[in-house]
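**Student:** First the structure, then my questions, so here it is.
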Amino acid sequence: MTDPQGAAMRVALFLTCVNDTLYPDTGRAVVKLLTRLGVDVDFPSGQTCCGQAHYNSGYRHEAEPLARKFSDVFRDYEAIVTPSGSCGAMVRELYPRMGERARAEGRGDTLARTLAPVVPKTYELTEFLVDVLGVTDVGAYYPHKVTYHPTCHGLRSLGLGERPRRLLQAVKGLELVELPGADECCGFGGTFAVKNSDVSAAMGTDKVRNAESTGAEVLCAADNSCLMHIGGTMTRLRTAVRPVHIAEILASTEEEPLA
């Protein structure tokens with residue numbers, strides 16, 4: 001992707017804690033995919049947690065230094081792309097609230113002004129592909145039967161809608177089947193899975209049983225935190241369905257196929 005002067009668009013990969021520590025293949029897939037589409041991808045080594053875990057656990061003030069750090073690291077890029085609707089929603093939806101809270105507490109507009117530059121240019125991967133690059137066919141190849149789980153933050157906070165499905169429908173060889181109860185939470189919800197483990201496990205079981213009913217080989221989603229929960233449930237239930245991040249499917253080609 002180039003601008004009118006012919007320079008490649010320069011974006012930053014916001015990998016997130018879960019992907020950085022547990023699912024590095026997803027990050028590699030994002031770089032491979034965007035590079036194939038002509039985007040110049042940078043991975044800022046100074047990036048750290050966006051503060052979502054702190055904020056959602058009630059440690060609102062403790063999340064502020066992490067938000068400032070995020071802005072310091074990413075503010076100069078044309079766009080910030082993340083393979084996580086959850087962390088993307090933290091920046092887009094909750095960073096503005098942090099600024100409003102600081103203002104309401106009489107601490108002025110400093111925090112809001114610090115965070116403002118990164119809010120509008122932070123994109124979840126599928127949103128970036130469709131809305132910014134203007135593509136739905138990314139040249140992918142994945143000859144498998146797939147069902148798609150729209151994660152809560154992507155669906156409700158970012159409003160991703162049909163973007164992920166449109167991308168999957170354009171993948172050569174891929175058969176997309178609808179997931180019953182697709183818009184129902186998988187039961188992860190961060191600390192919800194710890195504080196309400198029985199309910200979380202039951203919700204995960206429902207999601208996996210619904211995936212099994214489709215006959216799909218693969219359940220894909222745009223958040224590895226949800227796929228971690230669903231995948232753990234799949235292992236416990238010994239199902240044949242396996243979890244795969246959508247970035248890895250979109251990065252797969254006939255020349256370099258994902259197994």
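Anchor point for the sequence shown: position 25 equals 25 in UniProt numbering, and the numbering is continuous, going up by one each time. We put the beta carbon where it would ideally sit given N, CA and C, even for glycine.
#1: State the beta-bridge partners of residue 195 as determined by DSSP.
#2: Could you give the distance in angstroms between the alpha-carbon of residue 89 and the alpha-carbon of residue 120?
#3: Could you check which residue in 14, 27, 248, 23 has the C-alpha nearest to that of residue 142?
#4: Give, in chain order, every unbroken run of the beta strand (DSSP E) that is at least 3 residues long and sits entirely within the UniProt domain "Cysteine-rich" (11-91).
#5: Under a three-way DSSP split, which group does residue 95 fall into?
#6: Quick one: which unbroken alpha helix (DSSP H) runs of 4-plus residues sit fully inside the stretch 172-226? Chain order, please.
#7: To the nearest angstrom, how far is it from the Cα of residue 243 to the Cα of residue 256?
#8: From which residue to which residue does the alpha helix (DSSP H) around residue 164 run?
#9: Rounded to a whole number of angstroms, what is the C-alpha to C-alpha distance between residue 162 and residue 135?
#10: Could you have a look at residue 138 and say whether DSSP puts it in helix, strand or coil?
#11: Work out the CA separation of residue 50 and residue 195 for me, nearest whole Å.
#12: In the structure shown, what three-state DSSP assignment does residue 124 receive?
#13: Quick one: any contact between the stretch 109-116 and the stretch 180-193, if contact means 3 or more CB pairs under 8 Å?
#14: Cα separation between residue 22 and residue 124?
#15: Could you give the distance in angstroms between the alpha-carbon of residue 13 and the alpha-carbon of residue 97?
#16: Three or more C-beta pairs under 8 Å: does that hold for the stretch 142-157 against the stretch 65-75?
#17: Tell me the DSSP secondary structure of residue 153 in three-state form.
#18: Where residue 222 and residue 127 are concerned, what is the direct C-alpha to C-alpha distance, given to the nearest angstrom?
#19: Whole angstroms is fine: what's the gap from residue 109's alpha carbon to residue 154's?
#20: Compare the C-alpha of residue 61 against each of 107, 149, 129 and name the closest.
#21: For residue 245, which of helix, strand or coil comes out of DSSP?
#22: In whole angstroms, give me the CA-to-CA distance for residue 253 and residue 77.
#23: Using DSSP with H/G/I as helix, E/B as strand and the rest coil, what is residue 260?
#24: Can you tell me the Cα-Cα spacing of residue 181 and residue 220, whole angstroms?
#25: Is residue 233 helix, strand or coil by DSSP?
#26: Could you give the DSSP three-state label for residue 253: helix, strand or coil?
#27: So what does DSSP say about residue 147, is it helix, strand or coil?
#28: Less than 7 Å between the C-beta atoms of residue 140 and residue 171, yes or no?
**Tutor:** Straight from the coordinates:
#1: Bridge partners of residue 195: none, in fact.
#2: About 11 Å.
#3: Of the candidates 14, 27, 248, 23, the residue whose Cα lies closest to the Cα of residue 142 is 248.
#4: Correct list: 40-42, 79-82.
#5: Reduced to three states, the DSSP call for residue 95 is helix.
#6: Counting whole runs of 4 or more residues, the stretch 172-226 contains the alpha helix (DSSP H) stretches 192-195, 197-213.
#7: Rounded to the nearest angstrom, the two C-alpha atoms are 19 Å apart.
#8: Run containing residue 164: 163-169, per the alpha helix (DSSP H) assignment.
#9: Distance between the alpha carbons of residue 162 and residue 135 is about 13 Å.
#10: Residue state, collapsed to three classes: coil.
#11: Distance between the alpha carbons of residue 195 and residue 50: 22 Å.
#12: Residue 124: strand per DSSP, three-state reduction.
#13: Segments in contact, no.
#14: Rounded to the nearest angstrom, the two C-alpha atoms are 19 Å apart.
#15: Cα to Cα, the separation comes out at about 24 Å.
#16: They do not touch, by the three-pair rule.
#17: If DSSP states are grouped into helix, strand and coil, residue 153 belongs with the helices.
#18: A straight line joining the alpha-carbon of residue 222 with that of residue 127 spans about 11 Å.
#19: For residue 109 and residue 154, the distance between alpha carbons rounds to 29 Å.
#20: Considering only alpha carbons, the answer is 107.
#21: The answer is strand: DSSP assigns residue 245 an E or B state.
#22: Each residue's alpha carbon lies about 28 Å from the other.
#23: Since the first residue shown for the chain is 1 and the last is 259, residue 260 is missing from the structure and cannot be characterised.
#24: Taking the straight line joining both Cα atoms gives about 15 Å.
#25: Judged by DSSP in its simplified three-state form, residue 233 adopts helix.
#26: In the structure shown, residue 253 adopts coil according to DSSP, grouped into three states.
#27: In the structure shown, residue 147 sits in a strand (DSSP, three-state: E or B).
#28: For residue 140 and residue 171, yes; Cβs fall inside 7 Å.
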